[in-house]
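Chemist: Position one of the sequence shown corresponds to residue 1 (full-length UniProt numbering), numbered consecutively onward. Ideal Cβ positions, reconstructed from N, Cα and C, are used throughout, including at glycine. There's a structure below that I have some questions on.
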Amino acid sequence: MVRSTPYPHTKSTAAKIEMPPPTSTDQLTNQIDHRAFRIRENGGPANDIVPTESTTNQRRRTSVALALGDAHPRAELEASRRQFIDYDRLSWPSSGARERLEATPAEGEARLEKLSGAIRTILECIGEDPDREGLLETPSRYANAMLYFTKGYEENLKLIVNNAVFQEDHDEMVIVKDIEIYSMCEHHLVPFTGKMHIGYIPLGKVLGLSKFARIAEMFARRLQLQERLTKQVAAAIEEILQPLGVAVVMESAHLCMVMRGVGKTAVTTTTSSMLGCFRKRTRTREEFLRLALNRAR
Numbered sequence: 001m002v003r004s005t006p007y008p009h010t011k012s013t014a015a016k017i018e019m020p021p022p023t024s025t026d027q028l029t030n031q032i033d034h035r036a037f038r039i040r041e042n043g044g045p046a047n048d049i050v051p052t053e054s055t056t057n058q059r060r061r062t063s064v065a066l067a068l069g070d071a072h073p074r075a076e077l078e079a080s081r082r083q084f085i086d087y088d089r090l091s092w093p094s095s096g097a098r099e100r101l102e103a104t105p106a107e108g109e110a111r112l113e114k115l116s117g118a119i120r121t122i123l124e125c126i127g128e129d130p131d132r133e134g135l136l137e138t139p140s141r142y143a144n145a146m147l148y149f150t151k152g153y154e155e156n157l158k159l160i161v162n163n164a165v166f167q168e169d170h171d172e173m174v175i176v177k178d179i180e181i182y183s184m185c186e187h188h189l190v191p192f193t194g195k196m197h198i199g200y201i202p203l204g205k206v207l208g209l210s211k212f213a214r215i216a217e218m219f220a221r222r223l224q225l226q227e228r229l230t231k232q233v234a235a236a237i238e239e240i241l242q243p244l245g246v247a248v249v250m251e252s253a254h255l256c257m258v259m260r261g262v263g264k265t266a267v268t269t270t271t272s273s274m275l276g277c278f279r280k281r282t283r284t285r286e287e288f289l290r291l292a293l294n295r296a297r
């Protein structure tokens with residue numbers, strides 16, 4: 001039996017259409033997709049994976065692009081090349097961070113001396129005498145303190161996770177709350193402090209509970225924006241575990257608002273990043289917010 005077309009006046013042109021030859025971008029996409037499929041199929045500890053963002057997975061690519069601060073989440077291929085998550089190296093695409101991470105002891109000493117000299121220059125520029133007794137050792141003390149405040153540039157996710165990904169069929173919400181955060185605002189180089197709450201719903205894998213605080217600490221100990229910090233923690237957990245969803249909320253006070261500018265001491269800034277089921281399902285999101293923030297029903 002021959003079926004009649006519902007549009008008798010149209011003719012099929014399928015035989016006349018010739019697909020263009022694959023471009024280099026298409027070939028790269030195919031390679032990425034194939035590798036990402038193989039990684040997920042083989043399983044294994046997440047920290048042994050060199051992650052690649054599949055260009056066929058819109059949700060994953062969008063979250064990574066947003067975490068990178070891309071104005072357009074559709075710049076997906078570029079985002080994948082920038083490798084927001086890098087287990088083996090920096091977990092941050094910065095040439096300056098790479099130089100610091102790979103510095104020899106001699107280069108580290110030279111970096112500390114250079115930073116101390118810069119602090120001495122600052123003291124002179126604000127009208128102080130860096131040679132007076134109270135400030136004599138301040139340049140070196142502050143240089144060491146600044147390197148500690150930003151020690152997250154010397155850490156990466158592979159070292160932090162350290163094989164603490166476990167196969168487990170738990171499928172209920174897990175929340176780690178009240179993680180203390182101390183970070184430095186990249187605009188004024190003054191601290192912002194607060195608490196972070198992390199939740200996720202596993203999909204066959206769980207992460208050691210202490211690792212959530214360590215991941216948050218790694219990203220916080222860098223020059224940051226609260227908005228970006230929140231997204232980075234959420235995207236990192238999603239990359240490591242591939243759960244049903246991840247939720248991160250952060251509440252903090254910024255000294256740049258207290259010590260300068262508007263001078264408001266009671267202002268709290270709250271940011272959130274919701275991925276997967278936390279973004280799609282209102283009730284799941286509300287349950288997390290109620291438990292994490294101690295909200296009444």
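Does DSSP put V161 in a helix, a strand or coil?
Modeler: Along the sequence shown, read from residue 1 onward, the residue named residue 161 stands at position 161. The answer is helix: DSSP assigns V161 an H, G or I state.
Chemist: Between L291 and the rest of its own chain, which residues show a CB-CB distance below 6 Å, the 5 nearest in sequence each way excluded?
Modeler: Within the sequence shown, the letter at position 291 stands for residue 291. Same-chain partners within the cutoff: I175.
Chemist: H187: beta carbon under 7 Å from a heavy atom of the ligand ZN?
Modeler: No copy of the ligand ZN appears in this structure; indeed no ligand is present at all.
Chemist: Span of the alpha helix (DSSP H) holding V174?
Modeler: Taking the first residue of the sequence shown as position 1, residue 174 is located at position 174. Note, V174: premise wrong, no alpha helix (DSSP H); beta strand (DSSP E) at 174-185.
Chemist: Excluding sequence positions up to five away, which residues of its chain have a Cβ less than 7 Å from the Cβ of M257?
Modeler: For the purposes of this step, residue 257 is identified with residue 257 of the sequence shown, where counting begins at 1. If we look at M257 and ignore the five residues flanking it on each side, its Cβ neighbours are K264, V267.
Chemist: Please classify E251: does DSSP put it in a helix, a strand, or coil?
Modeler: Residue mapping note: residue 251 aligns to position 251 of the sequence shown, counting from 1. The answer is strand: DSSP assigns E251 an E or B state.
Chemist: Go through its chain and collect everything with a Cβ distance to C277's Cβ below 8 Å, but skip five positions before and after it.
Modeler: The residue you call residue 277 lines up with position 277 of the sequence shown. Result list for C277: I201, L244, G245, T284, in chain order.
Chemist: Are there three or more Cβ pairs, one per stretch, closer than 8 Å when the segment 141-155 is compared with the segment 105-124?
Modeler: The answer is yes - the segment 105-124 touches the segment 141-155, with three or more Cβ pairs under 8 Å.
Chemist: Could you check which residue in A247, E124, S272, T270 has the C-alpha nearest to that of G199?
Modeler: Here residue 199 refers to the residue found at position 199 of the sequence shown. Ranking the options by Cα distance to G199, first place goes to A247.
Chemist: Under a three-way DSSP split, which group does residue 306 fall into?
Modeler: Residue 306 lies beyond the stretch modelled for the chain, which goes from 1 to 297, so this question has no answer here.
Chemist: Please list the terminal residues of the continuous alpha helix (DSSP H) segment that includes G108.
Modeler: The residue given as residue 108 occupies position 108 in the sequence shown. That run of the alpha helix (DSSP H) goes 105-125.
Chemist: Alpha carbon to alpha carbon, how far is K280 from L207?
Modeler: Position 280 of the sequence shown, counted from the start, is the residue given in the question as residue 280. Position 207 of the sequence shown, counted from the start, is the residue given in the question as residue 207. Each residue's Cα considered, the two are about 23 Å apart.
Chemist: With distances taken Cα to Cα, identify the nearest neighbour of E186 among Q226, E154, N163, E155.
Modeler: Here residue 186 corresponds to residue number 186 of the sequence shown, with the count starting at 1. Minimum Cα distance to E186 is reached at Q226.
Chemist: Considering Cα atoms alone, identify which of T230, R100, P105 is closest to residue 371.
Modeler: Residue numbering for the chain in the displayed model covers 1 to 297; residue 371 lies beyond these limits and cannot be assessed.
Chemist: Evaluate S252 with the Cβ neighbour count: other Cβ atoms within 10 Å of its Cβ, from every protein chain shown; 16 or more gives buried, anything less gives exposed.
Modeler: Position 252 of the sequence shown, counted from the first residue, corresponds to residue 252. When all chains shown are included, S252 counts as buried.
Chemist: Near M173, which residues of its chain fall below 8 Å by C-beta distance, leaving aside the five closest residues on each side in sequence?
Modeler: Taking the sequence shown and counting its residues from 1, one reaches residue 173 at position 173. Correct list, in chain order: G199, Y200, I201, T284, E287, F288, L291.
Chemist: So I181 packs on T193, CB below 8 Å; how close in whole Å?
Modeler: What you label residue 181 is simply residue 181 of the sequence shown in a count that begins at 1. What you label residue 193 is simply residue 193 of the sequence shown in a count that begins at 1. I181 to T193, Cβ: 6 Å. Contact.
Chemist: What span of residues does the alpha helix (DSSP H) with T150 cover, start to end?
Modeler: In the sequence shown, the residue the question calls residue 150 occupies position 150. Note, T150: premise wrong, no alpha helix (DSSP H); not H, not E.
Chemist: For a test of the three-state rule: what should DSSP assign to P191, helix, strand or coil?
Modeler: Mapped onto the sequence shown, residue 191 falls at position 191. P191: strand per DSSP, three-state reduction.
Chemist: If you run the structure through DSSP and keep just helix, strand and coil, what is V246?
Modeler: The residue you call residue 246 lines up with position 246 of the sequence shown. The answer is strand: DSSP assigns V246 an E or B state.
Chemist: For G276, which of helix, strand or coil comes out of DSSP?
Modeler: In the sequence shown, counting from the first residue as 1, residue 276 sits at position 276. Strand at G276.
Chemist: Do you know whose CA, among G152, G204, M196, lies nearest S273's CA?
Modeler: Here residue 273 refers to the residue found at position 273 of the sequence shown. Measuring from the Cα of S273, the nearest candidate turns out to be M196.
Chemist: K231 by DSSP, collapsed to three states: which one?
Modeler: Within the sequence shown, the letter at position 231 stands for residue 231. Three-state DSSP puts K231 in a helix.
Chemist: State buried or exposed for residue 308, treating a residue as buried only when at least 16 other CB atoms are found within 10 Å of its CB.
Modeler: No answer is possible for residue 308: the residues shown for the chain start at 1 and end at 297.
Chemist: Just confirm the distance between the C-beta atoms of R222 and Y153, as a whole number of angstroms; I'd bet it's less than 8 Å.
Modeler: The sequence position of residue 222 within the sequence shown is 222, counting from 1. The sequence position of residue 153 within the sequence shown is 153, counting from 1. Contact holds; Cβ gap of about 6 Å.
Chemist: Do K205 and Q232 have their C-beta atoms within less than 8 Å of each other?
Modeler: To locate residue 205, count along the sequence shown from 1; it is residue 205. To locate residue 232, count along the sequence shown from 1; it is residue 232. Cβ atoms of K205 and Q232: not closer than 8 Å.
Chemist: Which residues share a DSSP beta bridge with K205?
Modeler: What you label residue 205 is simply residue 205 of the sequence shown in a count that begins at 1. Bridge partners of K205: Q167.
Chemist: So, at 8 Å on beta carbons, what are the nonlocal neighbours of H170 in its own chain, with the 5 sequence-adjacent residues on each side left out?
Modeler: Locating residue 170 in the sequence shown gives position 170, where the first residue counts as 1. If we look at H170 and ignore the five residues flanking it on each side, its Cβ neighbours are P202, V206.
Chemist: Give the straight-line distance between the Cα atoms of E128 and K151, rounded to the nearest whole angstrom.
Modeler: Your numbering for residue 128 matches position 128 in the sequence shown. Your numbering for residue 151 matches position 151 in the sequence shown. C-alpha separation (whole angstroms): 28 Å.
Chemist: Is L223 helix, strand or coil by DSSP?
Modeler: Numbered from its first residue, the sequence shown carries residue 223 at position 223. Strand, per DSSP.
Chemist: Whole angstroms is fine: what's the gap from R98's alpha carbon to E133's?
Modeler: Locating residue 98 in the sequence shown gives position 98, where the first residue counts as 1. Locating residue 133 in the sequence shown gives position 133, where the first residue counts as 1. The alpha-carbon atoms of R98 and E133 are separated by roughly 36 Å.
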